[in-house]
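Taken in order, these protein sequences are the chains called S and F.
Under our numbering, residues 1 to 282 are what the first sequence spells out, in order.
Under our numbering, residues 283 to 476 are what the second sequence spells out, in order.
Ideal Cβ positions, reconstructed from N, Cα and C, are used throughout, including at glycine.
Notes follow the structure.
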Amino acid sequence: MEETLALLAEYGSDAKLLAGGQSLMPLINMRLARPAVLIDLNRVHALDYIKDENGTIRIGALTRQRTAERSPVVAAHVPLLAEALRWVGHPQIRNRGTIGGSLAHADPAAELPAVAAALDASFIVARHGRGTTTPRVLSPQQFFVSYLATALEPTEILTEVRFPPLWRDGGWAFVEVSRRHGDFALVGVAAVLRLDREQRCRDVRLAFIGVGPTPVRMPEAESFVGGRTLDEGVLAEIWRLVSDRLQPESDIHASADYRRHVGGALARRALQTAASRAKGAS
Amino acid sequence: MTPARRARGKPGTRRGRNVSVRRIGARKVATPKPVAEQAVALNVNGKRYVVTVPVRRTLADVLREDLGLTGTHLGCEHGVCGACTILLDGQAVRSCLLLGVQADGHALMTVEGLSNGERLHPIQEAFWDAHGLQCGFCTPGFLMTISAFLKETPDPSEEEIREAIAGNLCRCTGYVNIIKAVQLAAARLRLPTV
């Protein structure tokens with residue numbers, strides 16, 4: 001780890017960190033990226049762990065996606081992550097792809113940034129000299145800056161992601177629409193919530209992918225659902241509200257209108273599923 | 283690259299590496315210098331190979347160009363088509379998205395390692411019997427994906443098979459016969475070996 005940080009300090013913006021390689025290697029193979037120095041992280045085993053620390057789940061950046069997907073700790077405490085991972089590429093991709101690599105790559109259509117945004121994960125960032133003892137800690141809003149851009153400086157490395165525990169009675173859901181299973185999402189939604197005794201939603205969080213340069217939280221929709229029971233009227237209103245507020249762009253894969261429409265439908269579906277899984281549900 | 287430079291890196295060790303010492307504050311940290319070539323020891327299909335390769339050469343190219351194992355095919359070279367799938371420590375991975383030097387010290391299996399001499403592996407036999415291939419270009423990748431899959435899931439449902447092969451593209455068969463081949467192979471592999 002110290003060697004990696006020293007190398008980054010030495011080569012800075014000339015260097016790229018190579019984790020699972022499932023995004024960087026295609027860019028290199030297609031000659032879209034030609035980093036002068038490649039720093040291979042795959043033997044930095046200190047970054048490969050899943051720890052439960054008083055309910056907060058700490059996942060080392062180099063943890064393979066497949067490992068997290070199959071981890072009983074993740075299944076028990078961050079079920080939203082386990083569910084979203086099944087949408088990431090294919091098993092061959094997840095066998096190599098890492099949790100930290102996907103987040104640091106910050107593809108706006110990738111699944112993991114939505115999970116981090118919905119759960120308000122913390123990003124632990126180290127740099128040579130500052131070391132791992134006094135890291136920088138960033139929120140999803142601070143970490144994701146734009147398309148494929150994060151707040152990481154050229155000499156910094158994402159070492160860990162911390163997921164606060166989902167409430168014991170909480171519900172969750174991750175849903176997406178892509179052209180084929182394993183493709184990047186056209187639109188995806190991560191939802192978490194709780195239900196009170198009267199089956200009203202509490203602590204609702206919605207994070208969308210594929211509809212902007214970074215994962216998009218939607219406070220208007222979250223506060224609209226808060227305190228309400230998910231009856232047909234409320235669900236219809238959610239669809240309308242989300243479709244109105246999303247501001248996606250058109251691209252070769254889907255038009256902005258289509259993404260708005262699907263985003264609303266997915267938000268409705270994700271909330272329904274999350275509510276059905278919440279422990280307060282009868 | 284001179285022969286002297288070439289001999290410097292020893293596979294599997296850090297001793298021979300070109301190292302510079304950097305002083306940061308009171309501490310000294312040794313950092314390796316970037317290299318363009320490196321010697322690697324690869325274990326492929328149970329056989330050990332020691333080769334010196336450019337560090338940016340993909341594992342797929344090392345297998346094909348340096349080791350002559352051309353059964354691993356390259357379709358898209360960016361991780362979409364699955365033709366280059368091999369096993370790394372038993373797990374199916376895209377060999378076009380790994381560098382050759384990253385495989386140092388790992389156990390690899392390519393399609394050449396499936397058959398026992400002239401005798402086809404049960405999955406290969408099932409592909410033959412169920413007409414699971416036409417042009418055959420994608421087949422090595424399918425075979426390796428399926429061999430890892432059936433080890434973990436010996437009695438898969440059709441749904442599970444479809445998901446397992448979703449990361450491999452075939453442009454001839456329409457997948458129907460490939461699914462039949464997987465079912466046939468799974469049934470045969472579940473029989474007690476005689």
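Same chain, Cβ closer than 6 Å to residue i, five either side skipped, listed in chain order
| i | result |
| --- | --- |
| S:R269 | V175 |
| S:P248 | V211, A256, R259 |
| F:A412 | N459, K462, A463, L466 |
| F:P474 | none |
| F:T295 | Note on F:T295: pLDDT 43, under 50, position unreliable in the model; no value is reported. |
| S:F163 | I57, V78, L119, A121 |
| S:V234 | R228 |
| F:C452 | C420 |
| S:A75 | A82 |
| S:I93 | Q22 |
| S:H90 | G182 |
| F:N325 | A389 |
Rounded Cβ spacing between residue i and residue j (contact assumed at less than 8 Å)
| i | j | result |
| --- | --- | --- |
| S:G100 | S:L158 | 5 Å |
| F:A477 | F:T334 | Here chain F has residues from 283 to 476 only, and residue 477 of chain F is not among them. |
| F:C378 | S:N29 | 7 Å |
| S:A221 | S:A267 | 7 Å |
| S:A36 | S:D14 | 4 Å |
| S:R245 | S:A118 | No, S:R245 and S:A118 are not in contact; Cβ-Cβ is about 17 Å, not under 8 Å. |
| S:A111 | S:V88 | The sequence shown places Glu at residue 111 of chain S, not Ala. Going by Cβ atoms, the distance from S:E111 to S:V88 rounds to 5 Å, so yes, they are a contact pair. |
| S:H181 | F:A448 | 5 Å |
| F:T367 | F:N450 | 7 Å |
| S:P135 | S:A126 | 5 Å |
| F:A430 | F:L369 | 6 Å |
Own chain residues within Cβ distance below 8 Å of residue i, not counting five before or after
| i | result |
| --- | --- |
| S:R86 | E69 |
| F:L381 | V337, R338, R339, T340, L341 |
| S:R194 | W167, D169, G170, G171, C201, R202, D203, A278, G280 |
| S:V177 | A185, L186, V187, G188, V262, L266 |
| F:P436 | A468, L471, R472 |
| S:E232 | none |
| F:N432 | With the sequence shown as reference, residue 432 of chain F is identified as Leu, and Asn is not the correct amino acid for it. I405, P438, V464, A467, A468, L471, listed in sequence order. |
| S:A9 | R127, H128, G129, T155 |
Bridge partners - residue i, DSSP secondary structure assignment
| i | result |
| --- | --- |
| F:Y331 | F:L324 |
| S:R136 | S:V125 |
| S:E201 | Residue identity check: residue 201 of chain S is Cys in the sequence provided, not Glu. Partner(s): S:L195. |
| S:E156 | S:R127 |
| S:K16 | S:L38 |
| S:W172 | S:V192 |
| S:R66 | Bridge partners of S:R66: none, in fact. |
| S:K51 | S:R58 |
| S:M218 | S:M218 pairs with nothing; no bridge assigned. |
| F:Q373 | F:L370 |
| F:F431 | Paired residue(s): none; F:F431 is not in a bridge. |
| F:R401 | F:N398 |
| F:E319 | F:P336 |
| S:F144 | S:T150 |
| F:L466 | Answer is none; F:L466 lacks a bridge partner. |
| S:F208 | S:V189, S:V216 |
| F:M391 | F:L369 |
| S:V161 | S:I59, S:F123 |
Other residues of its chain near residue i: CB distance less than 7 Å, five sequence neighbours each side excluded
| i | result |
| --- | --- |
| S:F144 | A106, P113, T150, T214, P215 |
| F:T421 | F409, L415 |
| F:D371 | H388, A389 |
| S:P108 | Y147, I209, G210, G212, P213, T214 |
| S:E290 | Outside the displayed range of chain S (1 to 282) lies residue 290 of chain S, so it cannot be described from this structure. |
| S:V242 | M218, A221, G263, G264, A267 |
| S:T283 | Nothing can be reported for residue 283 of chain S: it is not among the residues displayed for chain S, which extend from 1 to 282. |
Test: residue i CB closer than 8 Å to a CB of chain B
| i | result |
| --- | --- |
| F:T392 | Given the protein chain composition of this structure (S and F), no chain B is represented. |
Original post:
Can you find at least 3 beta carbon pairs, one from the stretch 71 to 84 of chain S and one from the stretch 144 to 158 of chain S, that sit closer than 8 Å?
Top reply: no
Original post:
At a Cβ cut of 8 Å, what residues of the stretch 86 to 106 of chain S count as close to chain F, listed as they run along the chain?
Top reply: G89, H90, P91, Q92, I93, N95, R96
**OP:** State whether the stretch 464 to 471 of chain F contacts the stretch 401 to 418 of chain F, with contact taken as three or more CB pairs (one from each stretch) at a distance under 8 Å.
**Re:** Yes: the two stretches touch, three or more of their Cβ pairs being nearer than 8 Å.
Original post:
What are the residues of the stretch 349 to 363 of chain F that lie near chain S, defined by any Cβ-Cβ distance shorter than 7 Å?
Top reply: E359, H360, G361
Original post:
Got a sec: which bits of the stretch 150 to 180 of chain S sit with their beta carbon under 7 Å from any beta carbon on chain F, in order along the chain?
Top reply: none
Original post:
For the stretch 221 to 231 of chain S against the stretch 196 to 203 of chain S, are there 3 or more C-beta pairs whose distance is under 8 Å?
Top reply: yes
Original post:
Okay, do the stretch 4 to 17 of chain S and the stretch 363 to 375 of chain F touch, 3+ Cβ pairs below 8 Å being the bar?
Top reply: no
Original post:
Using Cβ-Cβ distances below 9 Å, what residues of the stretch 362 to 382 of chain F are close to chain S?
Top reply: V362, G364, T367, L370, Q373, A374, V375, R376, C378, L379, L380, L381
**OP:** Could you tell me whether the stretch 381 to 397 of chain F touches the stretch 49 to 60 of chain S, using the rule of 3 or more Cβ pairs below 8 Å?
**Re:** Counting Cβ pairs under 8 Å, fewer than three are found: no touch.
**OP:** Could you run through the stretch 181 to 212 of chain S and flag, in chain order, every residue whose CB is less than 7 Å away from some CB of chain F?
**Re:** H181, G182
Subject >> Cβ contact (3+ pairs, closer than 8 Å) linking the stretch 416 to 434 of chain F and the stretch 390 to 404 of chain F >> reply: The stretch 416 to 434 of chain F vs the stretch 390 to 404 of chain F: in contact.
Original post:
Closer than 7 Å, Cβ to any Cβ of chain F: which residues of the stretch 34 to 46 of chain S, in chain order?
Top reply: V37, D40, N42
**OP:** Return the residues of the stretch 14 to 32 of chain S that lie within a Cβ-Cβ distance of less than 7 Å from chain F, sorted by chain order.
**Re:** Along the stretch 14 to 32 of chain S, going in chain order, the ones with a CB nearer than 7 Å to a CB of chain F are G21, Q22, M25, P26, N29, M30.
Original post:
Would the stretch 347 to 362 of chain F and the stretch 325 to 334 of chain F be scored as touching if the rule is three or more Cβ pairs under 8 Å?
Top reply: yes
**OP:** For the stretch 447 to 472 of chain F, enumerate the residues whose C-beta is nearer than 7 Å to any C-beta of chain S, in chain order.
**Re:** A448, G449
Original post:
What are the residues of the stretch 310 to 343 of chain F that lie near chain S, defined by any Cβ-Cβ distance shorter than 9 Å?
Top reply: V311, A312, T313, P314, P316, V337, R338, T340
**OP:** With 7 Å as the limit, tell me which residues of the stretch 407 to 437 of chain F have their beta carbon closer than that to any beta carbon of chain S; keep them in chain order.
**Re:** If the cut-off is 7 Å between Cβ atoms, the stretch 407 to 437 of chain F has T427 near chain S.
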